[in-house]
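Taking it in order: structure first as structure tokens, then the write-up.
4 protein chains.
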Amino acid sequence: MPRIIFLVLTVLVFTLAAFAQAPPKGWQKGKGYGWIWGSADEVGALNAVRDPARVLAALRSVKTGRTFDLGVPVDKTSYRWPGHSPTEVVSYRSPEGVKRARDIPGMGDPRNTIAFHSCALFISDNVGTQIDGLGHITTGADNHWYNGFRESDHGLDFGVGRASADRIPPIIARAVLIDVAGWKGADALPANYAIGSKDLQAALAAQKVDVEPGDVVLVRTGTLRYWGESGADHARIAGHDSAGITLEAARWLVEQKGAVLIGGDTSGVEVGQDPALPGRAIPVHEYLLVEQGVHIGEFHFLEDLARNRVWRFVYFAATNRVRGAVAGFALRPVAVE
Amino acid sequence: MPRIIFLVLTVLVFTLAAFAQAPPKGWQKGKGYGWIWGSADEVGALNAVRDPARVLAALRSVKTGRTFDLGVPVDKTSYRWPGHSPTEVVSYRSPEGVKRARDIPGMGDPRNTIAFHSCALFISDNVGTQIDGLGHITTGADNHWYNGFRESDHGLDFGVGRASADRIPPIIARAVLIDVAGWKGADALPANYAIGSKDLQAALAAQKVDVEPGDVVLVRTGTLRYWGESGADHARIAGHDSAGITLEAARWLVEQKGAVLIGGDTSGVEVGQDPALPGRAIPVHEYLLVEQGVHIGEFHFLEDLARNRVWRFVYFAATNRVRGAVAGFALRPVAVE
Amino acid sequence: MPRIIFLVLTVLVFTLAAFAQAPPKGWQKGKGYGWIWGSADEVGALNAVRDPARVLAALRSVKTGRTFDLGVPVDKTSYRWPGHSPTEVVSYRSPEGVKRARDIPGMGDPRNTIAFHSCALFISDNVGTQIDGLGHITTGADNHWYNGFRESDHGLDFGVGRASADRIPPIIARAVLIDVAGWKGADALPANYAIGSKDLQAALAAQKVDVEPGDVVLVRTGTLRYWGESGADHARIAGHDSAGITLEAARWLVEQKGAVLIGGDTSGVEVGQDPALPGRAIPVHEYLLVEQGVHIGEFHFLEDLARNRVWRFVYFAATNRVRGAVAGFALRPVAVE
Amino acid sequence: MPRIIFLVLTVLVFTLAAFAQAPPKGWQKGKGYGWIWGSADEVGALNAVRDPARVLAALRSVKTGRTFDLGVPVDKTSYRWPGHSPTEVVSYRSPEGVKRARDIPGMGDPRNTIAFHSCALFISDNVGTQIDGLGHITTGADNHWYNGFRESDHGLDFGVGRASADRIPPIIARAVLIDVAGWKGADALPANYAIGSKDLQAALAAQKVDVEPGDVVLVRTGTLRYWGESGADHARIAGHDSAGITLEAARWLVEQKGAVLIGGDTSGVEVGQDPALPGRAIPVHEYLLVEQGVHIGEFHFLEDLARNRVWRFVYFAATNRVRGAVAGFALRPVAVE
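As given, the protein sequences belong to chains B, U, F and W, one line each in that order. In terms of the working numbering, the first sequence opens at residue 1 and continues consecutively. In terms of the working numbering, the second sequence opens at residue 338 and continues consecutively. In terms of the working numbering, the third sequence opens at residue 675 and continues consecutively. In terms of the working numbering, the fourth sequence opens at residue 1012 and continues consecutively.
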């Protein structure tokens, strides 16, 4: 490779580093994102990090190529919030069944031994590792969600007609892990531990990293240390799952630090009961999804990242394209160092 | 940034370029992959491209950061192979239902207007954009699949106990598109068009690219030009869906060119009836999944790539972590240029 | 049979006739039933035939003890109205699966060879032989159903909170078959044949029977002659399925003749498009279910009754006790002669 | 009531008693039923009570016309044996959804206010009030069930191909309640109470009734006293649900007394662990379903019958005609006094 290419590439790397530092499109310090993308928009804050230059810069920031699987395995035993439907993965066709039925052309004839498995799934769009879509949460007497989409217009029998999870674009963005459990020296935070911005700042300081505007931010409570093969130990998981961020912390992350997606390793990311907001149900969901258009990443497996002290990485996730669904489910986001 | 870092980075880039040219681990020209990864292996040929250096090299090959979504949207109207179970995405909880039932703590009380949507899905693991797992296809009187896993040992009521789709690691690999429809000047290839290695070579020559060992290879028939919003026009899709590669072409891709995953834009990637193998059902599936341990990518949307003449890119895909499932379904693989 | 028994039976029949001739409770000639059972009632016109004396009289009217199964077998191939969800009956546990998994105490140990099958069903409450519940159909801007139950009060995420099909009491009542197809000399009536009260009267006259107040009335079009093993021949069934009664005929049956439940052998019992009511969708459903509180019996298999010329019998049906469901499905009502 | 009617009825009862006393077809004292109905038979012991004369006699034995609903209401909260799939009843179409989508011809247009509800069910064939089909239980290394039907021939992906629950004929038969809990003076028998033939005989003696050959026999433990609206109090139900009959009692009922169907008010009818058969799983199921071809009725609600001291009645039940299913589920059998 001639020397000139070396030069070009080095300049490029430098340039991209500059790009990365550019604030994400649309974000305003002290205000965050919000309904700024036009009345038809179904994407929200992720619009801020979609341009190719920014994707390129994120990918160029990869240092080692080590990958970390942030998805947890899901089956019918898996812990889930009890308000969602159960999970069943059932063998729909089996080699023996196919051969007995002889209902598939070319199979079951003694000369042709080929056959197959397929499964039928009965599954919630809110199970396992998830990204909540902007149509998940509603508020107001008119039951509206992000961007003012109203139930009376877009609430369908088959999911939501606007801002469903299949509209979430593939996400490739720089990301930071805030290991609150690690900073606390705890295996996992206790139930209902309320993570405020002070905790986040202290943990970041201990890690010697900071949140850059446009970052995906993942907050670790340690809860998924107890997931095991399938999340079957419900009592153990429930013993930590209500730890999470407060509304104040969410505001700080979005309005002061420019987080573009906020995730964590619990079923709801936010604290079970915000001490500053007695009686309010899921105020962080309402703030992030409805008001800010910021997606929430739930049950992200952060144990390997934390053990390896990988604080900065590229976050890659793509939800299933199931029309109408309100969350990406049983996902496998990937962190690339 | 000090000058020394520039230098380090340039050297790194050079080194990685070299890595990329290294043949994928385990592959042997003229032989391909096969059951070479140990008797417990559930991953197959993808083992060849998992080391961090190779991932890093792939990511460094990204040039523009443009992303292409290769997943098609799926709902109950979507075309699918009739042997799989149907798709239903049903609103499970709705804001109005939640408020009427008052069965969720903190919701339904007139002072708290927050509520939510969630959906229940009844869905096949073989629908929409898919990656077939190595447990999908069986052969032999003992109904074994990749690596000799047998039905009598690992065929469960809840999917397969070995080489299920949740064992497919996240895939980040260099990839090439072979636009056979484009080379033929056809909107979409006619039904049962048999794509042989000659077609692949001619299309590659016309595109002026080649398959490198370790590449993901995607073959375009043009069928998904007719997918539309949800794949509801079954007759139109069925009119092209049986075009695909022959066993001879699959062998050439794996054994001569080192393809590590073979995908396409039809429901089965392979030709409906291989002219060289009358009466044989899905010989390419048997060869790739069972014998070679090479995954198959189905119903990948290649129209945007072809229109933009993007022949080389990085392929990124991560299947859902649903235990026991035999394929990743309703996926959204991403091509990054 | 000794003479005394003849005598006994004669007297008995006479006595019972007296019982039977009592008009059903609540019914008014020229008016029918309606919302007369109190504001909490979820049962409707069937209240008219529930008292034990009437049940006893019905059972005493049985003459031979011959039974006729009025239910059609249902599986995933079965014809259904396309607006309802599909049917899947999937083996959930199998003996081989149980033995491989060893997850059931006492099973799978080589010394214990006992095992079991169970199935998981994904099924509509509107499939096969059905009795529509009074919550099935809504009308008005407020989407109310029978007895003024409104969607905004009782429309739940999990079916309906009032007048669901599990509230239908077991039905034991005298019944009459009106064989319109037989009277017409047709195998089955043509599509969209509109059965008016004149047809019903002519067929009854030909059969030499009449409808008594309080009777279940079943109207035969002959459509189910084409059901076969599972209703898989959709085109054939659809070719007759839209034959049915008009609103005028429904009114005559309820208001003049006192029918307490109206059934038939098609998916909707009423004519596809009522010639007197252009543009009106399912007026007979609205009239019977909402206004009169009269249940509708769909896809009742009447071929055996017709072939045996059994015009009068006792109708016995009990819907599943699935809370919230809006119809009894895949039922097997029984006619006892 | 005039004297002649008294006379008539007396004679009638006498006549019917004669009918009833005829032993059921095929039954042999000391042996029971078994595989005596031919190699294609899928019905078993119920063949013994199907002839019209016997049905007529049963119906003639009805004295008051009072009906008792023996089915328990089922929803997603209902207690079930944990090895079966869960229950969900989900609103599939709703009036508001229909009007918003305008996807149903004639609905959603502002001039037409008609709309509808329908539900999608995900449900087990082993939930709520059930009749176990003869294909439910298998035994032997060849996993055969009643009449020697083997898994390798008739075990399908979609339930069982022989002796599925849709082959159970409608049942109209004389029946007797044996109120063991009542005889014991207990609200409900304690967990694992083993009901032997001695208990049955003592309870029958206390009730002053006996089992006649060909009777349906229902044994009461009192467990369903705790079912409530939906069987949601799992701990309470589980505290009694393992009470039930022993193999010795089952043998006595079939071989000595000629019972043609044995039911009860628990999930399994038989005692959780038979004290005489340590380590044996469900021996009564194996004996009745596989060896004798005698159906088992589970979770039959017997509280109203017991409270009213109705020991003799006619049992009426018809399972759903869902092809392949191994049990009738969420049933509503009816007792008519």
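Every residue gets a Cβ at the ideal spot worked out from N, C-alpha and C, and that includes glycine. Predicted model, so just to flag it, every value in this text is computed and none were measured.
When the Cα atoms are used, what is the spatial distance from Leu1145/W to Val1337/W?
-> Within the fourth sequence, the letter at position 134 stands for residue 1145/W. Within the fourth sequence, the letter at position 326 stands for residue 1337/W. When only Cα atoms are considered, Leu1145/W and Val1337/W end up about 7 Å apart.
Where Gly822/F falls, given that 16 or more other Cβ within 10 Å makes a residue buried | On the third sequence, position 148 is the one that residue 822/F refers to. So Gly822/F counts as exposed.
Assign Gln702/F to buried or exposed, taking buried as 16 or more other Cβ atoms, counted over all protein chains shown, within 10 Å of its Cβ.
-> On the third sequence, residue 702/F is found 28 positions in, with the first residue counted as 1. The residue is exposed, with fewer than 16 neighbouring Cβ atoms inside 10 Å.
Below 8 Å on the Cβ atoms is my guess for Ser534/U versus Ala586/U; work out the distance and round it to an integer in Å.
-> Here the question's residue 534/U lines up with position 197 in the second sequence. Here the question's residue 586/U lines up with position 249 in the second sequence. Going by Cβ atoms, the distance from Ser534/U to Ala586/U rounds to 5 Å, so yes, they are a contact pair.
Which stretch, first to last residue, makes up the alpha helix (DSSP H) that contains His154/B?
-> Your numbering for residue 154/B matches position 154 in the first sequence. First-last of the alpha helix (DSSP H) with His154/B: Glu151 to His154.
Would you verify that the beta carbon of Phe453/U is, or is not, closer than 9 Å to some beta carbon of chain W?
-> Locating residue 453/U in the second sequence gives position 116, counting from the first residue. No, Phe453/U does not count as interfacial toward chain W.
Alpha carbon to alpha carbon, what distance is there between Val409/U and Leu639/U?
-> By one-based count along the second sequence, residue 639/U stands at place 302. By one-based count along the second sequence, residue 409/U stands at place 72. The C-alpha of Leu639/U lies about 10 Å from the C-alpha of Val409/U.
Assign Leu935/F to one of three DSSP states: helix, strand, or coil.
-> For the purposes of this step, residue 935/F is taken as the residue at position 261 of the third sequence. Leu935/F: strand per DSSP, three-state reduction.
Residue from Arg1185/W, Pro1097/W, Tyr1157/W and Ile1148/W with nearest C-alpha to Ala1292/W = Counted from its first residue, the fourth sequence places residue 1292/W at position 281. Between Ala1292/W and the set Arg1185/W, Pro1097/W, Tyr1157/W and Ile1148/W, the nearest pair of CA atoms involves Ile1148/W.
Can you say whether Glu229/B is buried or exposed, counting buried as having 16 or more other CB atoms within 10 angstroms of its CB?
-> Position 229 of the first sequence, counting from 1, holds the residue named residue 229/B. Counting Cβ neighbours within 10 Å, Glu229/B comes out exposed, since fewer than 16 surround it.
Could you say which of Ala1152/W, Ala1126/W, Ile1273/W and Ile1134/W lies nearest to Gln1303/W if we only look at CA atoms?
-> In the fourth sequence, residue 1303/W corresponds to position 292, counting from 1. For the residues Ala1152/W, Ala1126/W, Ile1273/W and Ile1134/W, the minimum Cα distance to Gln1303/W belongs to Ile1273/W.
Helix, strand or coil at Val1220/W according to DSSP, with G and I counted as helix = Taking the fourth sequence and counting its residues from 1, the one referred to as residue 1220/W is at position 209. Coil, per DSSP.
Got a sec? Which residues, its chain only, sit under 6 Å from Tyr867/F by beta carbon, not counting five neighbours each side?
-> Stepping through the third sequence from its first residue, residue 867/F is reached at position 193. Taken in chain order, the residues that qualify are Ala917.
Give a yes or no on whether 9 Å exceeds the smallest Cβ distance from Ala457/U to chain W.
-> On the second sequence, position 120 is the one that residue 457/U refers to. Closer than 9 Å: yes.
State the Cα-Cα distance for the pair Leu1316/W and Val294/B, rounded to the nearest angstrom.
-> Within the fourth sequence, numbered from 1, the residue matching residue 1316/W stands at position 305. Within the first sequence, numbered from 1, the residue matching residue 294/B stands at position 294. Each residue's Cα considered, the two are about 59 Å apart.
Have a look at Ile104/B and Gly634/U and give me their C-alpha separation to the nearest angstrom.
-> Working through the first sequence from its first residue, we reach residue 104/B at position 104. Working through the second sequence from its first residue, we reach residue 634/U at position 297. For Ile104/B and Gly634/U, the gap between their C-alpha atoms comes out near 22 Å.
Taking the beta strand (DSSP E) that Ile505/U falls in, what are its first and last residues?
-> Taking the second sequence and counting its residues from 1, the one referred to as residue 505/U is at position 168. For Ile505/U, no beta strand (DSSP E) encloses it, and the DSSP letter there is neither H nor E.
Can you round the beta-carbon distance between Leu898/F and Val958/F to whole angstroms, since I take them to be within the 8 Å contact cut?
-> Walking along the third sequence from the start, residue 898/F turns up at place 224. Walking along the third sequence from the start, residue 958/F turns up at place 284. Contact doesn't hold; Cβ gap of about 19 Å is too wide.
Work out the CA separation of Trp252/B and Arg1091/W for me, nearest whole Å.
-> The residue you call residue 1091/W lines up with position 80 of the fourth sequence. The residue you call residue 252/B lines up with position 252 of the first sequence. In this structure, the alpha-carbon of Arg1091/W lies about 47 Å from that of Trp252/B.
Start and end of the beta strand (DSSP E) containing Glu337/B?
-> Taking the first sequence and counting its residues from 1, the one referred to as residue 337/B is at position 337. Premise fails: Glu337/B is in no beta strand (DSSP E) and is neither H nor E.
Residue range of the alpha helix (DSSP H) that includes Val1109/W = Within the fourth sequence, numbered from 1, the residue matching residue 1109/W stands at position 98. Residues Pro1106 to Ala1112.
When the cut-off is 9 Å and only beta carbons count, does Gly231/B lie next to chain F?
-> Your numbering for residue 231/B matches position 231 in the first sequence. Any Cβ of chain F closer than 9 Å to the Cβ of Gly231/B would place that residue at the interface, and such an atom is absent.
What does a CB cutoff of less than 7 Å around Asp1244/W pick up in its chain, not counting 5 residues either side in sequence?
-> For the purposes of this step, residue 1244/W is taken as residue 233 along the fourth sequence, with counting starting at 1. If we look at Asp1244/W and ignore the five residues flanking it on each side, its Cβ neighbours are Tyr1237.
Bridge partners of Gly634/U, per DSSP?
-> The sequence position of residue 634/U within the second sequence is 297, counting from 1. BP columns for Gly634/U point to Ile468/U and Gly600/U.
Would Tyr92/B count as contacting chain W if we go by Cβ distances under 9 Å?
-> Here the question's residue 92/B lines up with position 92 in the first sequence. So yes, Tyr92/B belongs to the interface.
Relative to the alpha-carbon of Ser78/B, which residue among Val334/B, Asp199/B and Ala330/B has its alpha-carbon at the smallest distance?
-> Walking along the first sequence from the start, residue 78/B turns up at place 78. Of the listed residues, the one whose Cα sits closest to Ser78/B is Ala330/B.
For Arg894/F, which option in Gly932/F, Arg824/F, Ala722/F and Gly942/F has the closest C-alpha, if you only look at C-alpha atoms?
-> Taking the first residue of the third sequence as position 1, residue 894/F is located at position 220. With distances taken between Cα atoms, Arg894/F lies closest to Gly942/F.
For Glu425/U, which residues in chain W fall below 7 Å Cβ to Cβ?
-> Working through the second sequence from its first residue, we reach residue 425/U at position 88. Contacts between Glu425/U and chain W, judged by CB atoms closer than 7 Å, involve Ala1131 in chain order.
Can you find a C-beta in chain B that's less than 9 Å from the C-beta of Val1109/W?
-> Here residue 1109/W corresponds to residue number 98 of the fourth sequence, with the count starting at 1. Contact of Val1109/W with chain B is assigned, a C-beta pair being separated by under 9 Å.
Candidates His421/U, Val546/U, Arg487/U and Arg403/U: which alpha carbon is nearest Ser376/U's?
-> Numbered from its first residue, the second sequence carries residue 376/U at position 39. The shortest Cα separation from Ser376/U among His421/U, Val546/U, Arg487/U and Arg403/U belongs to Arg487/U.
Could you say which of Leu626/U, Leu407/U, Val659/U and Ala654/U lies nearest to Thr476/U if we only look at CA atoms?
-> The residue you call residue 476/U lines up with position 139 of the second sequence. When Leu626/U, Leu407/U, Val659/U and Ala654/U are compared, the shortest CA-CA separation from Thr476/U is found for Leu626/U.
Along the chain, which unbroken stretches of the beta strand (DSSP E) at least 3 residues long are found entirely within the region 716 to 751 of chain F?
-> The DSSP assignment places 741 to 743 as complete runs of the beta strand (DSSP E) inside the region 716 to 751 of chain F, in order along the chain (cut-off: 3 residues).
So, are the CB atoms of Ser118/B and His481/U less than 9 Å apart?
-> By 1-based counting over the first sequence, the position of residue 118/B is 118. By 1-based counting over the second sequence, the position of residue 481/U is 144. Their beta carbons are not under 9 Å apart, which means Ser118/B does not touch His481/U by this criterion.
Where Ala794/F and Val546/U are concerned, what is the direct C-alpha to C-alpha distance, given to the nearest angstrom?
-> As a first step, residue 794/F must be located in the third sequence, where it is residue number 120. As a first step, residue 546/U must be located in the second sequence, where it is residue number 209. Each residue's alpha carbon lies about 50 Å from the other.
Give the secondary structure of Gly182/B by DSSP, where H, G and I count as helix, E and B as strand, and everything else as coil.
-> In the first sequence, residue 182/B corresponds to position 182, counting from 1. Reduced to three states, the DSSP call for Gly182/B is helix.
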